[in-house]
Amino acid sequence: MSLLKGLTEHIQYSLIRLKKKMPLNNPLLPLIKSEFGDLFYVVQHIASELYPFKKLPEEETGFIVLHFEAAIIQSENLRPYSALVVTSRSNGVSTWLRARFRKRLPKLQKIKFVTPLELVKETNLHKYDIILSTTDLTDFKVDYELISIFISDAEMKDIQHKLEKIVSAKGDDVDFPGFASDTKKLPETLSNLKSMHQFYGLIISFLESIYIESGSDMTRNKEDNLRSFSQSIASKKPDLSSDKIFKKLSSLEARQKIISGGTNSAYFLVNDNVQTASTHIFTLNHSIDFQIEDGLKSPVSTVMVFMLPYELNAELLEITTYLLTVLTEDDAAILLAESGDETKIISLFTTYLEEFLEHKRKN
1 MSLLKGLTEH
11 IQYSLIRLKK
21 KMPLNNPLLP
31 LIKSEFGDLF
41 YVVQHIASEL
51 YPFKKLPEEE
61 TGFIVLHFEA
71 AIIQSENLRP
81 YSALVVTSRS
91 NGVSTWLRAR
101 FRKRLPKLQK
111 IKFVTPLELV
121 KETNLHKYDI
131 ILSTTDLTDF
141 KVDYELISIF
151 ISDAEMKDIQ
161 HKLEKIVSAK
171 GDDVDFPGFA
181 SDTKKLPETL
191 SNLKSMHQFY
201 GLIISFLESI
211 YIESGSDMTR
221 NKEDNLRSFS
231 QSIASKKPDL
241 SSDKIFKKLS
251 SLEARQKIIS
261 GGTNSAYFLV
271 NDNVQTASTH
281 IFTLNHSIDF
291 QIEDGLKSPV
301 STVMVFMLPY
311 ELNAELLEIT
321 TYLLTVLTED
331 DAAILLAESG
341 DETKIISLFT
351 TYLEEFLEHK
361 RKN
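Each residue of the sequence shown is one higher than the last, beginning at 1 in UniProt numbering.
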């Protein structure tokens, strides 16, 4: 119920009670005066001038104060917090911090991560409720809070307390996104929704088509292992030929078209006659020497084969590019990919793809 509607209904009945001089009982009055003292005396002063009575009972003022306080609480809950977080370029750190905030401080919904170098490009720092940094910002003139990468519950409570004070102090300057400031037109909104719908569908399909298995330790022969990978993939995709997959994997390796991850991982991108993308991950008990760079062989014990349609739409291309960027540049993701632990590898894909969707939704 809105403040106006709630007050209107209450005042209608209170006028009747006061005119008939019916006794008022407000057992919460002492608590109201104690907890909301300033608001109580402001309401008492203004209401006494507006009510057509010589003296307004404090019990009645107490009831009115509760309506205002309920509206204040509701407005605070509607208004999400925003933060600019300065940290390293690692997607792993930003993903970890975002996950912590989502769990411990869900009202902090608008978060932008920048590096110290990117910070100088931020021209309107005052649009953020708070600025947080995992590193000391030398010569930075705006107030900010220094936090640890592995942010503790105590730090989280301190941030929440400061956000409550900051947002409360802003008062009428609070910006509610999506109302007066939103100039999006219906076609643009529909286009964005359709695009997001496609992203969700592709990622659901992607996550449903992740296969992880341990490779045999019977042989270190490269060709034997590539043939074993091909047979495994074909068993999951009956329309595909294992011989054809083997030839493509061998060709990619021979032409040094394998993508190198960390110290012992390699990624094959194979286009074939498939309707949906799938990922086949092989964790080996030994290393295989793959030709990744000119004249150099690298020992590999984690192999990922991405089976992709011949024609990739823009959305699938963006998802694939994002994953490969994470798997080749993010230290935390590389460690998970090379862990050999199925649970950790699945967590890698789910966490980063959720992060991808969250980023797309907010942008």
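Built from N, CA and C at the ideal position, the CB exists for glycine as well.
Quick caveat, the model's predicted, so the values are computed rather than measured.
Which residue or residues does DSSP assign as beta-bridge partners of residue i?
{"i": "ILE259", "result": "TYR267"}
{"i": "MET304", "result": "TYR267, ILE281"}
{"i": "VAL114", "result": "VAL86"}
{"i": "LEU132", "result": "VAL85, GLU145"}
{"i": "PHE290", "result": "SER298"}
{"i": "ASP38", "result": "Bridge partners of ASP38: none, in fact."}
{"i": "LEU108", "result": "TYR81"}
{"i": "ASP272", "result": "PRO309"}
Taking 9 Å as the threshold (C-beta atoms), are residue j and residue i in contact?
{"i": "PHE282", "j": "PHE206", "result": "no"}
{"i": "THR279", "j": "PHE199", "result": "no"}
{"i": "THR138", "j": "SER88", "result": "no"}
{"i": "VAL300", "j": "SER265", "result": "yes"}
{"i": "LEU28", "j": "HIS67", "result": "no"}
{"i": "TYR51", "j": "GLU59", "result": "no"}
{"i": "LEU105", "j": "GLN160", "result": "yes"}
{"i": "THR328", "j": "ILE319", "result": "no"}
{"i": "ALA254", "j": "LEU316", "result": "no"}
{"i": "ALA337", "j": "THR302", "result": "yes"}
{"i": "ILE345", "j": "ILE292", "result": "no"}
{"i": "MET307", "j": "LYS237", "result": "yes"}
{"i": "MET196", "j": "LEU357", "result": "yes"}
{"i": "PRO57", "j": "LEU18", "result": "yes"}
{"i": "LYS107", "j": "PRO80", "result": "yes"}
May I have the straight-line CA-CA distance separating residue i from residue j, to the nearest angstrom?
{"i": "ASP172", "j": "ARG100", "result": "Because the pLDDT of ASP172 is 45, which lies under 50, any placement of that residue in the model is unreliable, and the number read from its coordinates should be weighed accordingly. In a straight line, the C-alpha of ASP172 is about 30 Å away from that of ARG100."}
{"i": "PRO30", "j": "LEU24", "result": "14 Å"}
{"i": "LYS141", "j": "LYS162", "result": "19 Å"}
{"i": "LYS103", "j": "GLU354", "result": "14 Å"}
{"i": "THR351", "j": "THR325", "result": "15 Å"}
{"i": "VAL174", "j": "HIS126", "result": "Here VAL174 scores only 46 on pLDDT, less than 50, and its place in the model should not be relied on; the value that follows carries that caveat. Taking the straight line joining both Cα atoms gives about 12 Å."}
{"i": "LEU312", "j": "GLN109", "result": "32 Å"}
{"i": "ILE32", "j": "GLN44", "result": "12 Å"}
{"i": "GLN256", "j": "GLU223", "result": "15 Å"}
{"i": "PHE246", "j": "HIS359", "result": "37 Å"}
{"i": "SER133", "j": "SER148", "result": "8 Å"}
{"i": "ALA70", "j": "ASP330", "result": "46 Å"}
{"i": "THR321", "j": "PRO309", "result": "14 Å"}
{"i": "GLU35", "j": "PHE63", "result": "14 Å"}
{"i": "PHE150", "j": "PHE113", "result": "16 Å"}
{"i": "THR343", "j": "ILE212", "result": "10 Å"}
{"i": "LEU249", "j": "SER209", "result": "19 Å"}
{"i": "ASP143", "j": "ILE130", "result": "8 Å"}
{"i": "THR219", "j": "GLN231", "result": "16 Å"}
{"i": "TYR13", "j": "LYS157", "result": "42 Å"}
{"i": "ALA314", "j": "ALA169", "result": "45 Å"}
{"i": "LEU117", "j": "LYS165", "result": "29 Å"}
{"i": "PHE40", "j": "LYS20", "result": "24 Å"}
{"i": "GLU145", "j": "VAL167", "result": "16 Å"}
{"i": "LEU119", "j": "ILE111", "result": "14 Å"}
{"i": "SER214", "j": "LEU193", "result": "40 Å"}
{"i": "LEU4", "j": "MET22", "result": "25 Å"}
{"i": "ASP38", "j": "SER48", "result": "16 Å"}
{"i": "THR95", "j": "ASN26", "result": "50 Å"}
{"i": "SER235", "j": "VAL93", "result": "37 Å"}
Which one of the options has the shortest CA to CA distance from residue i?
{"i": "PHE268", "options": "THR276, PHE290, LEU284", "result": "PHE290"}
{"i": "LEU240", "options": "SER260, ILE212, ASN271, GLN198", "result": "ASN271"}
{"i": "SER82", "options": "TYR128, ALA169, LEU296, LYS222", "result": "TYR128"}
{"i": "HIS260", "options": "ARG227, VAL305, GLU342, LYS247", "result": "Note that residue 260 is Ser in the sequence shown, not His. Of the candidates ARG227, VAL305, GLU342, LYS247, the one whose C-alpha sits nearest the C-alpha of SER260 is VAL305."}
{"i": "THR115", "options": "VAL85, PRO106, ARG98", "result": "VAL85"}
{"i": "ILE203", "options": "LEU323, LEU18, ILE64, GLY62", "result": "LEU323"}
{"i": "ASP341", "options": "PHE40, ASN285, PHE356", "result": "ASN285"}
{"i": "ASN221", "options": "ASN192, ILE288, ILE166, GLN275", "result": "ILE288"}
{"i": "SER339", "options": "GLY262, ARG361, ILE166", "result": "GLY262"}
{"i": "SER191", "options": "ILE16, ARG361, MET22, ILE111", "result": "ARG361"}
{"i": "ILE11", "options": "SER94, LEU296, VAL65", "result": "VAL65"}
Determine the extent of the beta strand (DSSP E) in which residue i is found, giving its start and end residues.
{"i": "TYR51", "result": "Taken as a continuous stretch (DSSP letters only), TYR51 belongs to no beta strand (DSSP E), as it is neither H nor E."}
{"i": "residue 367", "result": "Residue numbering for the chain in the displayed model covers 1 to 363; residue 367 lies beyond these limits and cannot be assessed."}
Which first and last residues belong to the alpha helix (DSSP H) in which residue i is found?
{"i": "VAL86", "result": "Not the alpha helix (DSSP H): VAL86 falls in the beta strand (DSSP E), residues 81–86."}
{"i": "TYR322", "result": "314–329"}
{"i": "ASP243", "result": "242–254"}
{"i": "ARG227", "result": "222–236"}
Quick one: does the C-beta of residue i sit closer than 8 Å to a heavy atom of the ligand SAH?
{"i": "ASN124", "result": "Here there are no bound small molecules, and the ligand SAH is not part of this structure."}
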